[in-house]
Amino acid sequence: MNAVTGTGIGASVRRKEDYRFITGQGTYTDDINRPGQLHAYFVRSPHAFAKIKSIDTAAAKASAGVVAVFTGQELAADKVGGLICGWTVTGKDGTPHKAPPHPAIALDTARCVGDQVAVVIATTKEIARDAGEKIVVDYDVLQAVVDPVDTLKPNAPQLHAEAPGNLCYDWEFGDRASTDAGFAKAAHVVKLDLINNRLSPNPMEPRVAIGEHDRATDTTTCYSTSQNPHVLRLILCAFIFGLPEHKVRVVAPDVGGGFGSKIFCYAEEVVCVWASRKLNKPVKWTSDRSEAFLTDAHGRDHVTHAELALDKDGKFLALKCSTIANMGAYLSTFASCVPSYLYALLLAGQYTTPAIYAEVKAVFTNTTPVDAYRGAGRPEATYVVERLVEVAARQLNMDPAEIRKKNFIAPDAFPYQTPVAVAYDSGQYELSMNEALKMVDYKGFAGRRAESEKRGMLRGIGFAAYIEACGIAPSAVVGSLGAGVGLWESASVRFNPTGSVSVFTGSHSHGQGHETTFAQVVSEKMGVPIEQIDIVHGDTQRIPMGMGTYGSRSLAVGGSAIVKACDKLIAKGKKIAAHLMEAAVDDVEFDAGMFKVAGTDKSVPIGQVCFTAYVPHNYPADLEPGFEENAFYDPSNFTYPAGTHIAEVEVDPGSGHVTIAKWVAVDDFGNVINPMVVEGQVHGGVAQGVGQAMLEGVVYDKASGQLLTGSFMDYTMPRADDLPNFDVGMTHTPCPHNPLGVKGCGEAGAIAAPAALMNAITDALGVEIDMPATPEKVWRAAQGKVRALAAE
Amino acid sequence: MATVSMTVNGNKVSRDVEPRTLLVQYIREHLELTGTHVGCDTSQCGACVVHVDGQSVKSCTILAAQAEGSQVTTIEGLAKDGKLHPMQEAFREHHALQCGFCTPGMIMSAIDLVEKNPKLTEEDIRHGLEGNLCRCTGYHNIVKAIAAAAKTMGG
Ligand code: FES
Ligand code: FES
Numbered sequence: 001m002n003a004v005t006g007t008g009i010g011a012s013v014r015r016k017e018d019y020r021f022i023t024g025q026g027t028y029t030d031d032i033n034r035p036g037q038l039h040a041y042f043v044r045s046p047h048a049f050a051k052i053k054s055i056d057t058a059a060a061k062a063s064a065g066v067v068a069v070f071t072g073q074e075l076a077a078d079k080v081g082g083l084i085c086g087w088t089v090t091g092k093d094g095t096p097h098k099a100p101p102h103p104a105i106a107l108d109t110a111r112c113v114g115d116q117v118a119v120v121i122a123t124t125k126e127i128a129r130d131a132g133e134k135i136v137v138d139y140d141v142l143q144a145v146v147d148p149v150d151t152l153k154p155n156a157p158q159l160h161a162e163a164p165g166n167l168c169y170d171w172e173f174g175d176r177a178s179t180d181a182g183f184a185k186a187a188h189v190v191k192l193d194l195i196n197n198r199l200s201p202n203p204m205e206p207r208v209a210i211g212e213h214d215r216a217t218d219t220t221t222c223y224s225t226s227q228n229p230h231v232l233r234l235i236l237c238a239f240i241f242g243l244p245e246h247k248v249r250v251v252a253p254d255v256g257g258g259f260g261s262k263i264f265c266y267a268e269e270v271v272c273v274w275a276s277r278k279l280n281k282p283v284k285w286t287s288d289r290s291e292a293f294l295t296d297a298h299g300r301d302h303v304t305h306a307e308l309a310l311d312k313d314g315k316f317l318a319l320k321c322s323t324i325a326n327m328g329a330y331l332s333t334f335a336s337c338v339p340s341y342l343y344a345l346l347l348a349g350q351y352t353t354p355a356i357y358a359e360v361k362a363v364f365t366n367t368t369p370v371d372a373y374r375g376a377g378r379p380e381a382t383y384v385v386e387r388l389v390e391v392a393a394r395q396l397n398m399d400p401a402e403i404r405k406k407n408f409i410a411p412d413a414f415p416y417q418t419p420v421a422v423a424y425d426s427g428q429y430e431l432s433m434n435e436a437l438k439m440v441d442y443k444g445f446a447g448r449r450a451e452s453e454k455r456g457m458l459r460g461i462g463f464a465a466y467i468e469a470c471g472i473a474p475s476a477v478v479g480s481l482g483a484g485v486g487l488w489e490s491a492s493v494r495f496n497p498t499g500s501v502s503v504f505t506g507s508h509s510h511g512q513g514h515e516t517t518f519a520q521v522v523s524e525k526m527g528v529p530i531e532q533i534d535i536v537h538g539d540t541q542r543i544p545m546g547m548g549t550y551g552s553r554s555l556a557v558g559g560s561a562i563v564k565a566c567d568k569l570i571a572k573g574k575k576i577a578a579h580l581m582e583a584a585v586d587d588v589e590f591d592a593g594m595f596k597v598a599g600t601d602k603s604v605p606i607g608q609v610c611f612t613a614y615v616p617h618n619y620p621a622d623l624e625p626g627f628e629e630n631a632f633y634d635p636s637n638f639t640y641p642a643g644t645h646i647a648e649v650e651v652d653p654g655s656g657h658v659t660i661a662k663w664v665a666v667d668d669f670g671n672v673i674n675p676m677v678v679e680g681q682v683h684g685g686v687a688q689g690v691g692q693a694m695l696e697g698v699v700y701d702k703a704s705g706q707l708l709t710g711s712f713m714d715y716t717m718p719r720a721d722d723l724p725n726f727d728v729g730m731t732h733t734p735c736p737h738n739p740l741g742v743k744g745c746g747e748a749g750a751i752a753a754p755a756a757l758m759n760a761i762t763d764a765l766g767v768e769i770d771m772p773a774t775p776e777k778v779w780r781a782a783q784g785k786v787r788a789l790a791a792e
Numbered sequence: 793m794a795t796v797s798m799t800v801n802g803n804k805v806s807r808d809v810e811p812r813t814l815l816v817q818y819i820r821e822h823l824e825l826t827g828t829h830v831g832c833d834t835s836q837c838g839a840c841v842v843h844v845d846g847q848s849v850k851s852c853t854i855l856a857a858q859a860e861g862s863q864v865t866t867i868e869g870l871a872k873d874g875k876l877h878p879m880q881e882a883f884r885e886h887h888a889l890q891c892g893f894c895t896p897g898m899i900m901s902a903i904d905l906v907e908k909n910p911k912l913t914e915e916d917i918r919h920g921l922e923g924n925l926c927r928c929t930g931y932h933n934i935v936k937a938i939a940a941a942a943k944t945m946g947g
């Protein structure tokens, strides 16, 4: 840590952003109201699949306070482009995925419950909603299909003419021949059928969009709950409206959680921006929670068959899996890459499995679109690998820790080329696992299990040794895989004349604490206390450029850009300092805020150098004034955080209730800037993973396509009394290819937790069940074990 | 329209509102106190919790008219003369918030919990938070913060 400031790298500095949040002064998008603002209410399809025969808007239009009613026809007449998917996945047969048209307001067909059918714009929210009730839509209701397996059947309803058989893509990855060869020589094969349940991300802040057009400058502002304002601007300008980017501003102020669901460009943003231009008035839409369940992109929803081949000693020979991934009714912004590149490339896990083959069919159904949700593809991969490994240990009667250790990639094997394209940069997998075993008191487990059984309880323990690819991502690599964008990050570090610092980052914080951790990085680099450093984010007009926050990339990519900008400032500062001290530039060193001439006692503080740069009365002749630098950083590889989570549970066979007795997480995120913030990220990620494994699951009625889990009354969110305290440990294997040596921590918990918990629950039960392990499912499964124990 | 009057954070206020106006709308839209949040439409999340006559109340669940004449405290009214309430301090000290959206409701609920039961256990805290959802923190640090604040508040 920086000795001068005490607020540098490694300190659990209390967060700078907290004061405004704990005093109610945060500014979330719904807290913004613009003069003359109108309110939008969307009329949504109550049917999962229906032809729209006619829409009668007369009564709504005639209501007092209603300013306009629009349908898809008006958007089409104005040539407003449809929503896009920014990543093209190429299938087995060499053809690109099918991305059928996705109009912001449906034109002639509604393809899921909640699909936009019309919008009412009125002087108040209440008037807009009341008028919306008066719109009469004549539907021709069609048979819907919601299940990803059913939708592939020959007689299934067809969603899009552009996607025959409801198939978005049929894709494969890895080497089939070597994988088959591995299976041919196997002494043992483990087979599992797995369902990765569909989830609703549910950040606590619902989405909001405000469009506002300024006639004087012909500029439109979109206030939005976005994780990546520049990406939203790019999509709105280049694909939806055909507007130049300097005429559109996107502001994403305080955002109340995202978890992926606020990455995407949504219909409501498009409509509010378009309507504000058309009506020359600000137009605001605030989602209620029911709409959020219907319209925020969901996560996961995989049906998988997976097999692991082992030799007689428990060494992994090959892994194969075949997955059907539900994309929902339309292809969302980054949906296509989630069950393909973010999934199959992680199937090596932490292991030396020499041959891997995956095939994925992505399919359309009459459900809400599915896209990235915390972990995005990597939790699904970890679930496949870690469930297979655990079941292999059980079938071969091996210790679950030992079978993993036997197959771990050794610490001296890095960089390690996996058979699924990615090359891991660094890792010490056994180190994290040993630490976790110690923390959970693995040796004492048998005793604890016996003690539970005495009380009529079933105890189980489960492991997940996960890996993820974060720090998304090297632009050339993702470009070669079909991404439509580069995934660099930008930063601008500006010293103001009297020494305070403004840092402009393209990353976006919606809970991650960037205003503190990024300030710590600058504090460490420049020797300035964090109180004097402000992190500015979330406004395309203030931040030069950016790609936003997702894929645990902010610190590894965005933080690296900040470091690069700081390095440029130090280089410039050395020239100024050399001039002031009449020394050679090469003799000037910088440390802890002081420029010094090596081997002498001459020094000038950075504040003086900065002031000189803005008041250049005595200044190098060939140097520009000013003390501000920009930098772009494009990573050379992904980062690979990894670790071991261990869950220990007690199942009450009488009620099916599962109590999490212990949760140990030992993660290796490389270097850590603020341990307090990182632990908080682990807690939150694990909570969401526990939610997936035990509580959450989006359910559609198969016959009608209705969403049955459309509110917090029906969709079980993890509450305080569902969760334990978490025991968090860390090991530190620095990332060798970014300047901070950091790997990213935002998604790890959500990646590791479902596998660890399901391994523990199925260990207790002695039979396989799918997520979510609800009390009913657990109770049914427990009865066999109870009988077996009674017979003993 | 109906005239609804009450005392909010020590100030007497009065507004003409539609009879169907919820207390949370009155606070957010009419008084422009936006620290109180709305996270659901089924009274499940607790983002909207305020104190009405000393009791924690989900302000999305009652009409503004039902609070006629009441003493209402919102998150904005907790700090006195620039000094944070011990619960606010504890939330900051223990990193009990990430995105901050659930935080005002959490803090208002937590204060009520501690005031009703100053000696509360961890189990009491977890059970008492049933009506407040947080998607970010996994509750671990919220529970720690409330336990710590209970001590400072004289439990
Ligand atoms: S807004 Fe969710 S309980 Fe009041
Ligand atoms: S801090 Fe984000 S919901 Fe609680």
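Note that the protein sequences, when read in sequence, are chains A and B.
Position 740, counted from 1, in the first sequence is what my numbering calls 740; the numbers after and before it change by one each time, with no gaps.
Position 48, counted from 1, in the second sequence is what my numbering calls 840; the numbers after and before it change by one each time, with no gaps.
Glycine included, each C-beta is placed from N, C-alpha and C at the ideal position.
In this text the structure is predicted, and so the values were computed from the model without any measurement.
Within 9 angstroms of chain B by C-beta, residues of the stretch 189 to 207 of chain A in sequence order: Pro201, Asn202, Pro203, Met204, Glu205 and Pro206
Any non-hydrogen atom of ligand 1 within 7 angstroms of Val830 of chain B CB: yes
6 angstroms CB neighbourhood of Lys406 of chain A in its chain, flanking five on each side removed: Gly314
Contact with chain B by Gln783 of chain A, beta-carbon distance below 8 angstroms: no
Per-residue contacts from Asn725 of chain A into chain B (C-beta, under 7 angstroms): His932
is_contact[Gln890 of chain B, chain A] using C-beta, thresh 8 angstroms: yes
Whole-Å CB distance - Phe259 of chain A paired with Ala297 of chain A, under 8 angstroms assumed: Not a contact, Cβ separation roughly 10 angstroms.
Heavy atom of ligand 1 within 7 angstroms of Leu901 of chain B beta-carbon: The identity of residue 901 of chain B in the sequence shown is Ser, whereas the question assumes Leu. No; taking the cut-off as 7 angstroms, the Cβ of Ser901 of chain B has no heavy atom of ligand 1 nearer than that.
Ala48 of chain A and Ser704 of chain A closer than 8 angstroms at C-beta: yes
Chain A contact residues for Ile899 of chain B, given Cβ-Cβ distances below 7 angstroms: Ile22
Positions along the stretch 693 to 723 of chain A whose CB lies within less than 8 angstroms of some CB in chain B: Ser711, Phe712, Met713, Met717, Pro718, Arg719, Ala720, Asp721 and Leu723
Beta carbon proximity, Lys943 of chain B to chain A, threshold 8 angstroms: no
Neighbour flag for Met676 of chain A against chain B, beta carbons, 8 angstroms: yes
Buried or exposed (CB count within 10 angstroms, at least 16 for buried), Lys936 of chain B: buried
Distance between Ile899 of chain B and Ile938 of chain B (C-alpha atoms, nearest Å): 9 angstroms
Residues near Leu580 of chain A in its chain [Cβ-Cβ closer than 6 angstroms; skip 5 each side]: Val604
Contact set for Gly513 of chain A: own chain, Cβ-Cβ below 8 angstroms, skip 5 residues either direction: Arg15, Glu17, Asn674, Val677 and Gly680
Glu390 of chain A at chain B interface by Cβ criterion, 8 angstroms: no
Chain B contact for Gly165 of chain A (CB, 8 angstroms cutoff): no
Cut-off 6 angstroms between Cβ atoms - residues of its own chain near Lys819 of chain A, not counting five sequence neighbours on either side: Chain A is shown from 1 up to 792; residue 819 of chain A falls before or after that span and cannot be answered.
Val841 of chain B versus Ser835 of chain B: straight-line alpha-carbon distance, rounded: 10 angstroms
heavy atom of ligand 1 below 7 angstroms from Lys850 of chain B C-beta: yes
Buried or exposed by the 16-neighbour rule on C-beta atoms within 10 Å, applied to Asn196 of chain A: buried
Any non-hydrogen atom of ligand 1 within 7 angstroms of Gln836 of chain B CB: yes
Outcome for Gly713 of chain A when other beta-carbon atoms lying within 10 angstroms are tallied against a minimum of 16: The sequence given here has Met at residue 713 of chain A, not Gly. That one is exposed.
Sequence-distant residues of its chain with Cβ nearer than 6 angstroms to Gln688 of chain A (five each side left out): Arg374 and Ala750
Heavy atom of ligand 4 within 7 angstroms of Cys891 of chain B beta-carbon: Ligand 4 is not part of the structure shown, which contains ligand 1 and ligand 2 as its ligands.
Distance between Pro616 of chain A and Ala631 of chain A (C-alpha atoms, nearest Å): 24 angstroms
Whether Val505 of chain A touches Phe495 of chain A by CB criterion (8 angstroms): Residue 505 of chain A is actually Thr in this sequence, not Val. Against a cut-off of 8 angstroms, the Cβ pair of Phe495 of chain A and Thr505 of chain A comes out as no contact.
Rounded Cβ spacing between Tyr424 of chain A and Pro415 of chain A (contact assumed at less than 8 angstroms): 7 angstroms
Test: Val935 of chain B CB closer than 8 angstroms to a CB of chain A: yes
Chain B contact for Asp795 of chain A (CB, 8 angstroms cutoff): Here chain A comprises residues numbered 1 to 792, so residue 795 of chain A is not present and cannot be evaluated.
Per-residue DSSP class, three states only, for Leu905 of chain B: helix
Cα-Cα separation, Phe871 of chain A to Phe445 of chain A: Since the displayed chain A opens at 1 and closes at 792, residue 871 of chain A lies outside it and no answer follows.
Cβ neighbours of Gln706 of chain A in the same chain (closer than 8 angstroms, five flanking residues each side left out): Ala48, Val113 and Tyr700
beta-carbon Gly827 of chain B near ligand 2 non-hydrogen atom, thresh 7 angstroms: no
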